[in-house]
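A.B. asks:
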Amino acid sequence: MLQRLPPQLLRTKQRPVICEVDQEESDDDVDTDVTEPENHTVAVGVVVAVLTLLAVGVVLLVLFKTGCIKCDKGTSVEKFIIKERDSVTLPCSMTNKENLRGTVFDWRKDGLEVFLYVAGSYYGSGREGQDEQYKGRVSHFEEELKDGNASILIRNTQIADSGNYTCVLPHLLPGRTFYSELVVGTSVDKFIVKEGDSVTLPCSMTNKENLRGTVFDWRKDGLEVFLYVAGSYYGNGREGQDEQYKGRVSHFEEELKDGNASILIRNTQIADSGNYTCVIPHLLPGRTFYSELVVGAAPKPSIKTHCETKDGVQLQCEVHGASPKPHVQWQDRAGNIVPAEEPQVSERGGSYDIVLQTTVTKTDHYRCVSTQDEINHQTHAETYVRVHENHGWKFAVGFVVGVVLTLLVVGVVLFVLFKTCRIKRDKAPFSVSPFTHTVNAGLHSRLNVKSYTFTRLRRGYCSGQLGNVPAPSGDEACVIQVLVCGGTVLPDLLVKKLKPRIL
Numbered sequence: 001m002l003q004r005l006p007p008q009l010l011r012t013k014q015r016p017v018i019c020e021v022d023q024e025e026s027d028d029d030v031d032t033d034v035t036e037p038e039n040h041t042v043a044v045g046v047v048v049a050v051l052t053l054l055a056v057g058v059v060l061l062v063l064f065k066t067g068c069i070k071c072d073k074g075t076s077v078e079k080f081i082i083k084e085r086d087s088v089t090l091p092c093s094m095t096n097k098e099n100l101r102g103t104v105f106d107w108r109k110d111g112l113e114v115f116l117y118v119a120g121s122y123y124g125s126g127r128e129g130q131d132e133q134y135k136g137r138v139s140h141f142e143e144e145l146k147d148g149n150a151s152i153l154i155r156n157t158q159i160a161d162s163g164n165y166t167c168v169l170p171h172l173l174p175g176r177t178f179y180s181e182l183v184v185g186t187s188v189d190k191f192i193v194k195e196g197d198s199v200t201l202p203c204s205m206t207n208k209e210n211l212r213g214t215v216f217d218w219r220k221d222g223l224e225v226f227l228y229v230a231g232s233y234y235g236n237g238r239e240g241q242d243e244q245y246k247g248r249v250s251h252f253e254e255e256l257k258d259g260n261a262s263i264l265i266r267n268t269q270i271a272d273s274g275n276y277t278c279v280i281p282h283l284l285p286g287r288t289f290y291s292e293l294v295v296g297a298a299p300k301p302s303i304k305t306h307c308e309t310k311d312g313v314q315l316q317c318e319v320h321g322a323s324p325k326p327h328v329q330w331q332d333r334a335g336n337i338v339p340a341e342e343p344q345v346s347e348r349g350g351s352y353d354i355v356l357q358t359t360v361t362k363t364d365h366y367r368c369v370s371t372q373d374e375i376n377h378q379t380h381a382e383t384y385v386r387v388h389e390n391h392g393w394k395f396a397v398g399f400v401v402g403v404v405l406t407l408l409v410v411g412v413v414l415f416v417l418f419k420t421c422r423i424k425r426d427k428a429p430f431s432v433s434p435f436t437h438t439v440n441a442g443l444h445s446r447l448n449v450k451s452y453t454f455t456r457l458r459r460g461y462c463s464g465q466l467g468n469v470p471a472p473s474g475d476e477a478c479v480i481q482v483l484v485c486g487g488t489v490l491p492d493l494l495v496k497k498l499k500p501r502i503l
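Counting from 1, position 207 in the sequence shown corresponds to residue 207 in the UniProt record's numbering; the numbering is continuous, with no gaps.
The structure is reproduced here in structure tokens:
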């Protein structure tokens, strides 16, 4: 007998299940169909998955917008502006220097095949398909492939070479693409002016074709500078000019008939710097003129003088808002460079603030010179500095010199006095009392000498000359030289008990 299932176990969905049968009435399992409640697990899982994907998408979008995640299309677009018939290298290099010899890289320009390399086979070396415009003028750097360099060289450039180039390395995951913009002009004129000056950017037809009923368009890095359409132009009823140039750009109306589409930019600003193009599209092919404008700010330096210290007087030179970046240095009145500390440099939107300090120890005129070679400009500020000299060292030197000279003088005086007294003492006459002396040990005759004088030659030595005395034989006169040393007479004459005294 089957047991009735509780209502809560009934299913809304029919499926075969096995019911338990009372073992007392049957030993068999019985198949039956019952209903089960609807299962929402799958639906909930799907909803959670969708919400998760949406959340991840929102997070990625926020990160992308804030710059934390960037779409990797290789390096940023590099722009090259060159003259016609010049050569140019378009870059495509791997930072990890991966060997590209056995790989593929493809250069194209606006859909045209410029250069294709496939594991050693390339245009100009047995591979077909290169656009006729580039045949014989494009090459790669074979020896640098091993270092990840897939750049190309375009020789003898033509105006038609202008455009946007891509270098694709498809073997990378994801494929890596590098972008370059090439502008080839008949010439690229460069103009350098100071901020606030006016400048004329040329765009003139050599055949002096009348341009009154035509179109010419001036742009700078994508910005609308000036557009002329058969008498209608910016500032004269035509809209679309970039705010930066409103009210500052004009053309030469009277010279349009002579083919002159040049423009005048007044009150130039730092932001006006860049590459300008003048396009005359009605010409076949369309003619483009190129100009590069550099607007420099050349503010005059200012000087601050700080308090004098034991090290000298500190001078501080400040240059604010200069563009392009100036070279700042200190000079004295003679133009000699004065050593200074490392300059403090800060940059804001292409404008530079520079602070340069130095310490001077001499009274002089000092100038801070700011030089901007790019715009051929130099300016300076000057100040006079009086440095109070410290005389303490002079006193010390004078004292030492005085002491030394005094000692020298005293020494000389003492030396002179010593010499003088010694000479006087040495030359003083001496007298001796009568004494008995023996002339030669072998002679027994005795001589009585009442007195004699002698001169002292040097300390401990005396000399003298006796008068005529009887010789031992009594019939000859002789002169005897007496030499006395410490009371001892030399062999000629022995003098005993000689006690000289100063007369």
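Think of the CB as a built atom: it goes at the ideal place given N, C-alpha and C, for glycine as much as any other residue.
With a threshold of 8 Å on Cβ separation, who are the neighbours of arginine 108 within its own chain once the five nearest residues in sequence on each side are excluded?
C.D. replies: Val114, Tyr165, Thr166, Val168, listed in sequence order.
A.B. asks: Tell me whether threonine 436 is buried or exposed, calling it buried when 16 or more other Cβ atoms sit within 10 Å of its Cβ.
C.D. replies: In this prediction, threonine 436 has a pLDDT of 37, which is less than 50 and means its spatial position is unreliable; what the coordinates show is noted afterwards. Threonine 436 comes out exposed.
A.B. asks: Does the beta-carbon distance from alanine 381 to serine 323 come in below 8 Å?
C.D. replies: Cβ atoms of alanine 381 and serine 323: not closer than 8 Å.
A.B. asks: How would you call arginine 176, buried or exposed, if buried means at least 16 neighbouring beta carbons within 10 angstroms?
C.D. replies: It is buried - the Cβ of arginine 176 has at least 16 other Cβ atoms within 10 Å.
A.B. asks: Along the chain, where does the beta strand (DSSP E) that runs through arginine 348 open and close?
C.D. replies: First-last of the beta strand (DSSP E) with arginine 348: 344-348.
A.B. asks: Which residue from Asp197, His282, Asp353 puts its Cα closest to that of alanine 230?
C.D. replies: When only C-alpha atoms are compared, the closest one is His282.
A.B. asks: Which residue or residues does DSSP assign as beta-bridge partners of leucine 264?
C.D. replies: DSSP lists Thr200, Ser250 as partners of leucine 264.
A.B. asks: What residue ranges within the stretch 290-369 form continuous beta strand (DSSP E) runs of no fewer than 3 residues, ordered along the chain?
C.D. replies: The qualifying runs are 302-309, 312-322, 327-332, 344-348, 351-360.
A.B. asks: Given this structure, state the Cα-to-Cα distance separating glutamate 84 from valine 138, to the nearest angstrom.
C.D. replies: When rounded, the distance between both Cα atoms is 15 Å.
A.B. asks: By how many angstroms is the C-alpha of glycine 102 removed from the C-alpha of glutamine 372?
C.D. replies: If I take the Cα positions, the gap works out to 49 Å.
A.B. asks: Whose CA, out of Ser351, Glu78, Ile280, lies closest to the CA of leucine 211?
C.D. replies: Minimum Cα distance to leucine 211 is reached at Ile280.
A.B. asks: Helix, strand or coil for glutamine 372? Go by DSSP, reduced to three states.
C.D. replies: If DSSP states are grouped into helix, strand and coil, glutamine 372 belongs with the strands.
A.B. asks: Please state whether the Cβ-Cβ distance between threonine 305 and arginine 219 is less than 8 Å.
C.D. replies: Not in contact: threonine 305 and arginine 219 (Cβ atoms no closer than 8 Å).
A.B. asks: Find the nearest neighbour of threonine 361 within the set Ser370, Pro170, Ile82, Val338, judged by alpha-carbon distance.
C.D. replies: It is Val338 whose Cα lies nearest to the Cα of threonine 361.
A.B. asks: From the DSSP output, read off the bridge partner residues of glutamate 113.
C.D. replies: In DSSP, glutamate 113 forms a bridge with Arg108.
A.B. asks: Is the CB-CB distance between leucine 145 and aspartate 161 below 8 Å?
C.D. replies: No, these two residues do not count as a Cβ contact at 8 Å.
A.B. asks: Where do the ends of the beta strand (DSSP E) carrying asparagine 149 lie?
C.D. replies: Per DSSP, asparagine 149 belongs to no beta strand (DSSP E) and is neither H nor E.
A.B. asks: Please say whether glutamine 357 and glutamine 331 have beta carbons closer to each other than 8 Å?
C.D. replies: It is not a contact, given that the beta carbons lie outside the stated cut-off.
A.B. asks: Would you tell me roughly how many angstroms separate the C-alpha atoms of alanine 261 and tyrosine 122, rounded to the nearest one?
C.D. replies: Straight-line Cα distance between these residues: approximately 44 Å.
A.B. asks: So, with DSSP's three-state summary, where would you put valine 184?
C.D. replies: Note: valine 184 maps to strand in three-state DSSP.
A.B. asks: Quick check on DSSP: helix, strand or coil for phenylalanine 141?
C.D. replies: Phenylalanine 141: coil per DSSP, three-state reduction.
A.B. asks: Can you tell which of Val319, Val104, Ser370 has its C-alpha closest to the C-alpha of histidine 327?
C.D. replies: Ranking the options by Cα distance to histidine 327, first place goes to Ser370.
A.B. asks: Does the stretch 89-104 come close enough to the stretch 148-163 to have 3 or more Cβ pairs within less than 8 Å?
C.D. replies: Contact holds: three or more Cβ-Cβ distances are below 8 Å.
A.B. asks: Determine whether the beta carbon atoms of glutamine 250 and leucine 264 lie at a separation below 8 Å.
C.D. replies: Looking at the sequence provided, one finds serine at residue 250 rather than glutamine. Cβ atoms of serine 250 and leucine 264: closer than 8 Å.
A.B. asks: Please classify glutamate 239: does DSSP put it in a helix, a strand, or coil?
C.D. replies: Three-state result, glutamate 239: coil.
A.B. asks: Give the range of the beta strand (DSSP E) segment to which histidine 380 is assigned.
C.D. replies: Counting along the chain, the beta strand (DSSP E) containing histidine 380 begins and ends at 377-385.
A.B. asks: Just the Cα atoms here: how many angstroms apart are phenylalanine 289 and leucine 227?
C.D. replies: In a straight line, the C-alpha of phenylalanine 289 is about 14 Å away from that of leucine 227.
A.B. asks: Terminal residues of the continuous beta strand (DSSP E) containing arginine 219?
C.D. replies: Where arginine 219 is concerned, the enclosing beta strand (DSSP E) stretches over 215-220.
A.B. asks: Pick from His377, Glu255, Lys246: whose alpha carbon is nearest that of asparagine 267?
C.D. replies: Minimum Cα distance to asparagine 267 is reached at Lys246.
A.B. asks: According to DSSP, simplified to helix, strand and coil, what is residue 506?
C.D. replies: Outside the displayed range of the chain (1 to 503) lies residue 506, so it cannot be described from this structure.
A.B. asks: Would you decide whether glycine 126 is buried or exposed? Buried here means 16 or more other CB atoms lie within 10 Å of its CB.
C.D. replies: Under this definition glycine 126 is an exposed residue.
A.B. asks: Compute the beta-carbon to beta-carbon distance between valine 184 and threonine 214, rounded to the nearest angstrom, for a pair I have assumed lies under 8 Å.
C.D. replies: Contact flag wrong, Cβ pair sits at about 23 Å.
A.B. asks: Who are the Cβ neighbours of lysine 79 in its own chain at under 6 Å, not counting the five residues just before and after it?
C.D. replies: Here the set comprises Glu181.
A.B. asks: When we look at the beta-carbon of glycine 296 and count the other beta-carbons within 10 Å, is it buried (16 or more) or exposed?
C.D. replies: Buried is the call here.
A.B. asks: Between which two residues does the beta strand (DSSP E) containing glycine 163 stretch?
C.D. replies: Start and end: 163-169.
A.B. asks: By alpha-carbon positions, which one of Leu414, Ala340, Pro299, Gly402 ends up nearest to glutamine 378?
C.D. replies: When each option's Cα is compared against that of glutamine 378, the closest is Pro299.
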